[in-house]
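Asker: One structure follows; several queries about it will come next.
Numbering (the numbering used here), first residue to last: 64 to 498.
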């Protein structure tokens with residue numbers, strides 16, 4: 064039954080995506096983040112729904128009347144250079160066949176992210192996309208929290224994501240939940256309906272519980288980082304400090320002893336095999352880049368023969384377990400510089416938006432969104448230091464959201480000017496009521 068329902072939704076959305084391709088972006092996001100087909104048990108489980116929706120969306124983009132072009136701003140130019148550089152390094156990959164598979168997946172992610180910028184540059188569409196992302200991943204937050212609260216397993220069973228997805232691993236799921244917590248807070252700020260507000264508040268609390276249930280040390284560090292950043296940037300630090308203390312009390316109340324023991328290994332990482340395995344993989348990236356500083360090893364380079372050649376402990380084979388060492392090992396110093404520069408420009412775009420909207424009550428929502436997106440990016444930058452998700456689609460969607468927000472703010476500040484899209488800012492893009 065689940066298979067039929069999912070198939071009806073997707074194939075029913077295909078003709079809509081052809082004529083309104085922004086709907087295709089929403090459907091693709093739902094499929095990519097919630098992975099509803101992975102909750103089915105029949106033909107839908109392995110069916111390429113994302114490819115179907117992606118194809119319809121791209122086809123619709125070609126024929127839709129108001130299609131836009133990608134704005135050539137510093138952040139998009141660096142982003143495009145990063146994509147081109149990944150294509151270049153793939154030509155020199157140490158494992159060509161495996162590299163090609165990861166290259167295809169990454170290029171699809173980048174393409175949809177660019178299409179998102181081109182199609183979602185309206186306030187109503189932007190908010191719909193945020194809702195889709197939050198509810199899709201929030202589903203696993205609620206599900207994981209209920210599992211954590213109702214299973215007295217002594218912490219032996221962890222919260223996991225859907226099979227065959229970016230967030231299948233417990234650490235990856237916790238990482239994604241850390242990144243959407245600020246988006247939940249944003250929706251909580253701008254929503255006027257009191258029941259929706261209460262629902263979002265409950266979801267945020269359940270998300271914290273699910274993160275605890277994942278037993279992810281990287282998520283703990285990322286959570287501390289975004290908490291401190293949020294407190295530092297807040298106008299009401301006392302209120303935020305109280306909220307953080309209450310969250311800490313909640314974690315202490317629900318965390319089993321085994322969770323506390325695992326978190327304490329952060330201080331004694333030298334005695335933890337998992338932590339030392341990660342450091343071993345990081346040395347692989349460093350040594351590999353010394354040998355191939357320009358192109359690195361290409362996608363999927365962290366394999367047994369690479370460890371045999373470059374690792375201090377050749378038999379201790381691990382994934383990169385760091386977005387930074389992953390990019391360094393796979394795309395060399397040039398790739399890492401472009402990757403870091405993209406993140407820095409994204410943060411600077413958020414800062415520009417907050418500064419530009421400070422004295423504009425009508426654009427208060429944009430400043431709030433930019434602030435929350437900055438917090439999400441800080442979570443990605445911190446948690447990503449210990450997790451190999453350099454090509455995580457959520458991160459690039461967050462960057463796209465920042466680009467869209469800046470475009471809308473620029474249009475509002477200069478309503479008669481030509482936007483980066485090459486068209487005059489339409490009133491419908493700027494003044495749309497929040498759905």
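Built from N, CA and C at the ideal position, the CB exists for glycine as well.
Remember, it's a predicted structure, so these values are computed and weren't measured experimentally.
Can you grab the Cα-Cα spacing for the pair residue 132 / residue 209, in whole Å?
Answerer: Each residue's Cα considered, the two are about 44 Å apart.
Asker: Compute the Euclidean distance between the alpha carbons of residue 96 and residue 423, then round it to the nearest angstrom.
Answerer: 34 Å
Asker: On the CB-based measure, 16 or more other CB atoms within 10 Å of its CB, does residue 309 come out buried or exposed?
Answerer: exposed
Asker: Assuming residue 119 contacts residue 77 (C-beta within less than 8 Å), just tell me the rounded distance between them.
Answerer: 5 Å
Asker: Beta-carbon within less than 8 Å of residue 408's beta-carbon, same chain only, minus the 5 sequence neighbours each way: which residues are those?
Answerer: Within the same chain, residue 408 has close Cβ partners 137, 138, 141.
Asker: With respect to the alpha helix (DSSP H) encompassing residue 24, which residues constitute its N-terminal and C-terminal limits?
Answerer: As displayed, the chain neither begins before 64 nor continues past 498, which places residue 24 out of reach and without an answer.
Asker: Please work out which residues of its chain come closer than 8 Å, Cβ to Cβ, to residue 104, disregarding the five sequence neighbours upstream and downstream, and give them in chain order.
Answerer: 65, 66
Asker: Classify residue 216 as buried or exposed, calling it buried when 16 or more other Cβ atoms lie within 10 Å of its own Cβ.
Answerer: In this prediction, residue 216 has a pLDDT of 49, which is less than 50 and means its spatial position is unreliable; nothing more can be read from the coordinates.
Asker: Quick one: give me the first and last residue of the alpha helix (DSSP H) that residue 245 is part of.
Answerer: 233-253
Asker: Quick check on this structure: which residue in 399, 435, 144 has the alpha carbon closest to the alpha carbon of residue 410?
Answerer: Out of 399, 435, 144, 435 has the C-alpha closest to the C-alpha of residue 410.
Asker: Going by alpha carbons, who is nearest to residue 228 out of 365, 374, 98?
Answerer: 98
Asker: Ends of the alpha helix (DSSP H) at residue 85?
Answerer: 84-97
Asker: With contact counted as at least three CB pairs below 8 Å, one residue from each stretch, are the segment 146-153 and the segment 356-365 in contact?
Answerer: yes
Asker: Spatial neighbours of residue 376 within its chain, please: CB distance less than 6 Å, with the 5 preceding and 5 following residues excluded, ordered by chain position.
Answerer: 343
Asker: Can you name the start and end residues of the alpha helix (DSSP H) that residue 161 belongs to?
Answerer: 159-182
Asker: For a test of the three-state rule: what should DSSP assign to residue 155, helix, strand or coil?
Answerer: coil
Asker: Comparing C-alpha positions only, which one of 438, 205, 383, 185 sits nearest to residue 287?
Answerer: 438
Asker: Between residue 455 and residue 385, is the Cβ-Cβ spacing less than 8 Å?
Answerer: no
Asker: I need the DSSP call for residue 228, collapsed to helix, strand or coil.
Answerer: In this structure, residue 228 counts as coil in the three-state DSSP scheme.
Asker: One question on the structure: do residue 179 and residue 475 come within less than 8 Å of each other, judged by their Cβ atoms?
Answerer: no
Asker: Quick check on residue 213: buried or exposed, where buried means 16 or more other Cβ atoms within 10 Å of its Cβ?
Answerer: exposed
Asker: To the nearest angstrom, how far is the alpha carbon of residue 197 from that of residue 354?
Answerer: 42 Å
Asker: Distance, Cα to Cα, residue 94 vs residue 231?
Answerer: 14 Å
Asker: Going by other Cβ atoms of all chains shown within 10 Å of its Cβ, with 16 needed for buried, is residue 469 buried or exposed?
Answerer: Note on residue 469: 16 or more other CB atoms within 10 angstroms of its CB, so buried under the neighbour-count rule.
Asker: Helix, strand or coil for residue 110? Go by DSSP, reduced to three states.
Answerer: coil
Asker: So the candidates are 115, 393, 247; which of them puts its Cα closest to the Cα of residue 159?
Answerer: Looking at the Cα atoms, 393 is the closest of the given residues.
Asker: Taking contact to mean 3 or more Cβ pairs, one atom from each stretch, closer than 8 Å, check whether the segment 78-87 and the segment 176-196 are in contact.
Answerer: yes
Asker: Can you tell me whether DSSP reads residue 17 as helix, strand or coil?
Answerer: Here the chain comprises residues numbered 64 to 498, so residue 17 is not present and cannot be evaluated.
Asker: Using CA coordinates, which residue listed in 370, 258, 412, 206 is at the minimum distance from residue 157?
Answerer: 370
Asker: So, helix, strand or coil for residue 134, using DSSP?
Answerer: coil
Asker: Looking only at C-alpha atoms, which of 81, 395, 303, 266 sits nearest to residue 122?
Answerer: 81
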